[in-house]
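Down below is the structure, laid out as C-alpha cells.
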Amino acid sequence: MSEEYKYTVSICNYNMENTIKESLLSILNNVNDDFEVLVVDESTDNSRKIIKKLQEKHDNLRLVEVQQDPGRNLGMMRNIGIREANGEFVLIYVDADDRYECGIVDFAKIYEQLSEKLGKDFYIDGANIKISSKDFLLNEVPHRNLPIAAAEEDFAIRLLYNNDIIYLDHTPFSEEIDKPDRKQKKTYGFKRSFRATVSRFQMGITFESLFKHMVVCDDRLETKDKLVNFIILPLAYLFSLPKQSYSVPDEFRDWKERDRRQPSLTYTLPELEEKLNVSIDRDKLSECGREKFYSVETGRWN
Numbered sequence: 010m011s012e013e014y015k016y017t018v019s020i021c022n023y024n025m026e027n028t029i030k031e032s033l034l035s036i037l038n039n040v041n042d043d044f045e046v047l048v049v050d051e052s053t054d055n056s057r058k059i060i061k062k063l064q065e066k067h068d069n070l071r072l073v074e075v076q077q078d079p080g081r082n083l084g085m086m087r088n089i090g091i092r093e094a095n096g097e098f099v100l101i102y103v104d105a106d107d108r109y110e111c112g113i114v115d116f117a118k119i120y121e122q123l124s125e126k127l128g129k130d131f132y133i134d135g136a137n138i139k140i141s142s143k144d145f146l147l148n149e150v151p152h153r154n155l156p157i158a159a160a161e162e163d164f165a166i167r168l169l170y171n172n173d174i175i176y177l178d179h180t181p182f183s184e185e186i187d188k189p190d191r192k193q194k195k196t197y198g199f200k201r202s203f204r205a206t207v208s209r210f211q212m213g214i215t216f217e218s219l220f221k222h223m224v225v226c227d228d229r230l231e232t233k234d235k236l237v238n239f240i241i242l243p244l245a246y247l248f249s250l251p252k253q254s255y256s257v258p259d260e261f262r263d264w265k266e267r268d269r270r271q272p273s274l275t276y277t278l279p280e281l282e283e284k285l286n287v288s289i290d291r292d293k294l295s296e297c298g299r300e301k302f303y304s305v306e307t308g309r310w311n
C-alpha cells in the first residue's frame, strides 16, 4: 500500500459493528487518492472482520488493531490515530457511527490553503470534522487520557488559550446513523454523563462551577435532571480524587468559559476570508464544496 498520502482521515472505533461499514463506505466514496482512511480499533465485536473485508476493495483503507486497555481512554486512542497517520494533515473527530457525504476533500483543501496563506499551523473545528497538521496535533496539543466529551473539552480549552483554534461555520455534511440498540439502553446516558463529570474534575474544572451550571442555572434541564446531577456531582468528585489530574488555565476552570468564547471565534468561510484578509481559490473546490462552505444561512451559535 502506498504511504504517499497528503491527508489521513483518522477514526477511532469501539464495537460499532452495526454502523462501521456504512460509515466507512460513505467516507471512502467521498475522498480521492490523496486520502488514506485509518481506523484505530479496539473492538471485541465483528468490526475488524467488516473492516478487513472492505480493505479487499479499498487500498487506501488501513486498520490499526490495538489490544484493549482499561486504562486507555478515547484521548489516547486519538493520539494513536494521529501518530499512525501517513498524511501530512489529519482529519479527526470523524465518527464510526456517522455517514458522510461530499465535503471532506473540500474541507481539507480549505485548511491547506489557509495554512499556506497564514504561514502557520492551527486547528479548524468544523461540523463533526476537524483538521490540523500531524505535527501540530502530536507536538503542540496532544490529547490527554480522558474519555469522550471531556477529552474534546480539554483539548479545545488548550487550543483556545493559545489562540490556535478557528470554528468554521458551514453546512454539515454528516449525520448520525440510527442506533436503536443503544437507545434502548437506559443506563447508557447516565453512565456517559457520570464519566464525563468525573473527567471534568480531573481536568481541573471546579465543583462550584459544575454545581452552578448543572444544578442551579441551566433552565433547559428538567427538575428530575437537576436532581440527578445533584446526586452525581459529589459522587463524581470522590471518584475523581484517585485518578490522574490535569490542569487548565485558571479562567477556564469555570466550565462554561469555553462556551462563552466560542461565538467570537466562529466564522463562515467568507467571514474568515475577510477577517484574515485572505482569499480561498474557489476553483480548487468542488461544486459541492462551494455549496457547503459558501451558502451558510445561519451560524452554529445563533
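When we follow the working numbering, the leftmost residue of the sequence shown carries the number 10, and every step to the right adds one. All C-beta atoms in this analysis are idealised placements derived from N, C-alpha and C, irrespective of residue type, glycine included.
Distance between residue j and residue i (C-alpha atoms, nearest Å)
i	j	result
ASP173	GLU110	28 angstroms
ASP115	GLN64	24 angstroms
LYS129	LEU281	16 angstroms
THR232	LEU33	40 angstroms
ILE119	VAL237	43 angstroms
ARG71	GLU45	7 angstroms
ALA160	VAL103	14 angstroms
GLN193	ASP187	Residue confidence is low: GLN193 scores 49 on pLDDT, short of 50, so the model does not pin down where it sits. No coordinate-derived value is stated.
CYS297	SER304	10 angstroms
LEU242	PRO151	28 angstroms
ARG153	LYS293	36 angstroms
Cβ-Cβ distance between residue i and residue j below 9 angstroms
i	j	result
THR17	LEU47	yes
ASP68	ARG57	no
LEU155	GLN77	no
LEU100	SER19	yes
LEU285	LEU127	yes
ASP263	ILE214	yes
ILE113	ILE138	yes
PHE2	THR180	The question about residue 2 has no answer, for the chain in this structure spans 10 to 311.
PHE239	VAL224	yes
ASN22	ALA94	no
ILE175	PHE131	yes
ASP107	TYR255	no
VAL257	ILE133	no
LYS15	ALA117	yes
ASP54	MET86	no
Identified DSSP bridge partners for residue i
i	result
TYR246	TYR246 is not bridged to any residue.
VAL46	VAL18 and LEU70
Extent of the continuous beta strand (DSSP E) to which residue i belongs
i	result
GLU184	183 to 185
TYR276	275 to 277
Terminal residues of the alpha helix (DSSP H) in which residue i lies
i	result
PHE261	Taken as a continuous stretch (DSSP letters only), PHE261 belongs to no alpha helix (DSSP H), as it is neither H nor E.
ARG291	Here ARG291 belongs to no alpha helix (DSSP H), and DSSP marks it neither H nor E.
TYR303	296 to 303
GLN64	56 to 64
ARG267	266 to 270
LYS30	29 to 37
- Item | Whole runs of the beta strand (DSSP E) within the region 91 to 179, excluding any shorter than 3 residues | 98 to 101, 107 to 109, 132 to 134, 139 to 142 and 174 to 178
- Unbroken stretches of the alpha helix (DSSP H), 4 residues or longer, contained in the region 211 to 248: 216 to 220
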